[in-house]
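2 protein chains.
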Amino acid sequence: MRIAQVPPLYESVPPKLYGGTERVVSYLTEELVNQGHGVTLFGTKDSITKANLYAVCDKAIRLNPDCRDAVAWHIYQLQVVMENANEFDIIHFHNDYLHFPLSSQDRYRHITTLHGRLDLEDLEPIYKKFYQVPVVSISNSQRKPLPHINWINTVYHGLPETMYKCGDGKGNYLAFLGRISPEKRPDRAIEIAKRTGIPLKIAAKVDKADEEYFEKKIKPLLDHPLIEFIGEISDDRKEEFLGNALALVFPIDWPEPFGMVMIEAMATGTPVIAFKHGSVPEIIEHGKTGFVVNNIEQAVKAVGKLHSISRAVCREVFEHSFTSAVMARNYVALYERICGKEGKIFHLRARSNWSPKEKYASYD
Amino acid sequence: MRIAQVPPLYESVPPKLYGGTERVVSYLTEELVNQGHGVTLFGTKDSITKANLYAVCDKAIRLNPDCRDAVAWHIYQLQVVMENANEFDIIHFHNDYLHFPLSSQDRYRHITTLHGRLDLEDLEPIYKKFYQVPVVSISNSQRKPLPHINWINTVYHGLPETMYKCGDGKGNYLAFLGRISPEKRPDRAIEIAKRTGIPLKIAAKVDKADEEYFEKKIKPLLDHPLIEFIGEISDDRKEEFLGNALALVFPIDWPEPFGMVMIEAMATGTPVIAFKHGSVPEIIEHGKTGFVVNNIEQAVKAVGKLHSISRAVCREVFEHSFTSAVMARNYVALYERICGKEGKIFHLRARSNWSPKEKYASYD
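As given, the protein sequences belong to chains A and B, one line each in that order. Mapped onto numbering that gives the first Met the number 0, the consecutive letters of the first sequence carry residue numbers 0 to 363. Mapped onto numbering that gives the first Met the number 0, the consecutive letters of the second sequence carry residue numbers 0 to 363.
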């Protein structure tokens, strides 16, 4: 298929550092090329891809101090994409709602993955207004605040299969990996370590917005023989950091739409002890690839049961469900449904125009 | 005519406090109603207008702490406007470029006043891409960074004629009114006061972004018998503050696209001593409504020549050129040119499609 990928422009594809959406777009794009599709990426010029790169702007916006108007670049990107729309069978947007007024005029050729949380009050009016636009969730739980828009399917994120090797978990520590922020609850991870007596290594960056939280709430907890704060680590070091851990602790306190670090852990064979919020029960199979818990007590008990989890099974589940090859195949199936059947899916909500035999029971 | 006004949603129309664009949209909207037009304002619900109010959202975004995604509301507003487009002869946007991908599909029914500075690097690609979209400048100087886009005309801002009465200037002080910021150069105003020995009253707000500048650069200069810092004042108090002043000092150091305070001063009969940047030479007639100067020395000399300026003439120039009635008539003339001639103006840049007799020599 001829496929356009339209990522945000805040980071290059893949990002130089942090940048969740752009990283997933990179994995998807490269894998679509591997699978033989003709892909064009409308990204920043400093992106690195085997696809055709249409360079919308020179540099990733977040790292460009000269860039003071990010919206201008995204509107510009939108126009460039639409001017070239006839070159593609499908346009895959990763830019939230920005293109809806324009793309919604074209019924059969676009799909949008929503990468963010949807439980902000501001978002309800615009998504309700565009309830017909075909959108993809990155977990079923992500849909909860907006159940009645035109969800086509859930496609879970994936990682390149060979990116991380399976580790042996012999490091005798619990791992916390990601950002220091109130919704990630590193304080809970520290509490779990102290109550189980097992060391905790924290590999996490501190965003400017979270500096006060780090200084006031987390730093005082770090001065303990069991706790080691490593700071931000690069992708290179994640394999070792995760693969040597007894478990990844993921004690979140917000509706995480996906949570890449859970499948990164699985890829290294490391089980996950995760709090039951957002996507967690969809990604982690309780008792198989980790434990889904509701509170600190349950998390502490879960640590005691880690011996019952097979690291080989964790890796198997990763390979079966969370590689970028799986993700790409799932997306191609959606692309084909949308453009191959003359946009029938797009009309799901307008059932009165349908003859009964064309109806689909459910796409969820 | 049936006219839609599309302001930003950051403030109500008119704004409760500061808010340049929304204030001008309010003056224009009310005056268009006065002149017998059917006007619909697509603003926030807390706007106050004699026009039809289509309430896009409940509250001004800037004053609403629950609002975390301003772009979502503006994309929503755009869609609401476009869904109702057939109700109007003309849609007048005041929202920069956000609507260009959509509105540019409709050739004969919209016009956009650009209210901001255009000398940011980020803006060039998007405005070049949409060089055909009909746009209005608020001063000729505003066009300089983007001379080749489809400028239809310049329309200067206006104030309601009865908003301010002419004052007598007998307060024996120079006035500085607006924001404390590096580009407004209050330090220059203070220097001029000290060199002429005439008191300066500073009525200005300090935005959060400018607090450091105020503390470090300006506060140390305020401890002087000639200098009085009043803080922010409401519209009610401007008439007295400006009308009693010998002159308004406007020592800017940036390409001000318009500068409302200059015409506010003129409305109260007060001459303006302004540095030659941006719109200044277009708004102030040197030797008639004030003095256009290049440096502190010239400003000091200008203070000595204030007796040669007639306050009655300042007021006359205001009434002739800078009332909202004049502004509204100028805009209506543009609306009629755009929708009355089947969009010929819109095609100005696409000259190859034109027969010679349809060509216009120039619109500037």
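A virtual CB, placed ideally from N, CA and C, is assigned to each residue, including glycine.
request  = Could you please give the first and the last residue of the uninterrupted alpha helix (DSSP H) stretch that includes residue 72 of chain A?
outcome  = 69-82
ask   = What is the DSSP secondary structure of residue 303 of chain B, counted as helix, strand or coil?
value = helix
inquiry  = If you measure between the beta carbons of residue 3 of chain B and residue 129 of chain B, is that distance less than 8 Å?
reply    = no
query = Residues of chain B with CB under 7 Å from residue 96 of chain A, in chain order?
reply = 71, 74
inquiry  = Pop quiz: residue 323 of chain A and residue 27 of chain A are said to be a contact at Cβ under 8 Å. What is the actual Cβ separation, rounded to whole angstroms?
reply    = 6 Å
message = If the criterion is Cβ atoms closer than 8 Å, does the pair residue 59 of chain B and residue 45 of chain B meet it?
response = yes
query = Comparing the C-beta of residue 142 of chain B with each C-beta of chain A, is any distance below 8 Å?
reply = no
ask   = If the cut is a Cβ gap below 8 Å, which residues of chain A does residue 231 of chain B touch?
value = The premise fails here: residue 231 of chain B is roughly 26 Å from chain A at the closest Cβ pair, so nothing lies under 8 Å.
message = If you measure between the beta carbons of residue 217 of chain B and residue 186 of chain B, is that distance less than 8 Å?
response = yes
query = If you draw a straight line from the alpha carbon of residue 268 of chain B to that of residue 85 of chain B, how long is it in whole angstroms?
reply = 44 Å
request  = Determine the direct distance from the alpha carbon of residue 101 of chain B to that of residue 79 of chain A, and round the result to whole angstroms.
outcome  = 13 Å
ask   = Would the beta-carbon of residue 122 of chain B be found less than 7 Å away from any heavy atom of the ligand FAD?
value = Among the components modelled here there is no ligand, and therefore nothing to report on the ligand FAD.
ask   = Are residue 135 of chain B and residue 148 of chain B closer than 8 Å when you measure CB to CB?
value = no
key: Secondary structure of residue 8 of chain A, DSSP reduced to three states   = coil
message = I want to verify the contact list: residues of chain A whose CB lies under 8 Å from the CB of residue 219 of chain B, in sequence order.
response = Residues of chain A passing the Cβ test: none, with the nearest at roughly 29 Å.
Residue 320 of chain B, enclosing alpha helix (DSSP H) - first and last residue = 310-320
request  = Check the Cβ-Cβ distances between residue 101 of chain A and every residue of chain B, and say whether any is below 8 Å.
outcome  = yes
query = Counting pairs of Cβ atoms below 8 Å between the region 152-162 of chain A and the region 173-191 of chain A, do you hit three or more?
reply = no
task = Please report how far the alpha carbon of residue 55 of chain A lies from the alpha carbon of residue 6 of chain B, in whole angstroms.
result = 29 Å
query = What residues of chain B sit near residue 90 of chain A, judged by a beta carbon separation below 9 Å?
reply = Chain B residues near residue 90 of chain A: none, gap ~14 Å exceeds 9 Å.
request  = From the DSSP output, read off the bridge partner residues of residue 150 of chain A.
outcome  = A:134
key: Residue span of the alpha helix (DSSP H) that contains residue 221 of chain A, given as start and end   = 218-221
Partner residues on chain B for residue 68 of chain A, Cβ-Cβ distance less than 7 Å = 119, 121, 122
task = Determine which residues share a DSSP beta bridge with residue 240 of chain A and list them.
result = DSSP, once it has assigned bridges, lists no residue as partnering residue 240 of chain A.
ask   = Can you name the residues of chain B whose CB is closer than 7 Å to the CB of residue 0 of chain A?
value = Going along chain B, no residue has its Cβ under 7 Å from residue 0 of chain A, so there is no contact; the nearest lies around 25 Å.
inquiry  = Please list the terminal residues of the continuous beta strand (DSSP E) segment that includes residue 55 of chain A.
reply    = Residue 55 of chain A -> no beta strand (DSSP E), and no H or E assigned at all.
key: Per-residue contacts from residue 237 of chain A into chain B (C-beta, under 7 Å)   = Under the 7 Å cutoff, chain B gives no residues; its nearest Cβ is about 31 Å from residue 237 of chain A.
inquiry  = Taking the alpha helix (DSSP H) that residue 249 of chain A belongs to, which residues open and close that run?
reply    = Here residue 249 of chain A belongs to no alpha helix (DSSP H); instead the beta strand (DSSP E) covers 246-249.
task = Could you please give me the residues that DSSP links to residue 290 of chain A through a beta bridge?
result = A:272
query = Residue range of the beta strand (DSSP E) that residue 200 of chain A falls in?
reply = 199-204
inquiry  = Since residue 299 of chain A and residue 273 of chain A should fall inside the 8 Å C-beta cutoff, what is the C-beta to C-beta distance between them, to a whole number of angstroms?
reply    = Contact doesn't hold; Cβ gap of about 14 Å is too wide.
key: Three-state secondary structure assigned by DSSP to residue 367 of chain A   = A question about residue 367 of chain A goes unanswered here, because the residues of chain A that appear run from 0 up to 363.
ask   = Using the beta-carbon of each residue, which ones in chain D are nearer than 8 Å to residue 206 of chain B?
value = As a matter of chain content, chain D is missing from the structure shown, whose protein chains are A and B.
key: Other residues of its chain near residue 126 of chain B: CB distance less than 8 Å, five sequence neighbours each side excluded   = 96, 117, 145, 148
message = Only counting the same chain, and skipping five residues up and downstream in sequence, which positions put a Cβ closer than 6 Å to that of residue 92 of chain B?
response = 5, 98, 111
query = Does the beta carbon of residue 209 of chain B come closer than 8 Å to any beta carbon on chain A?
reply = no
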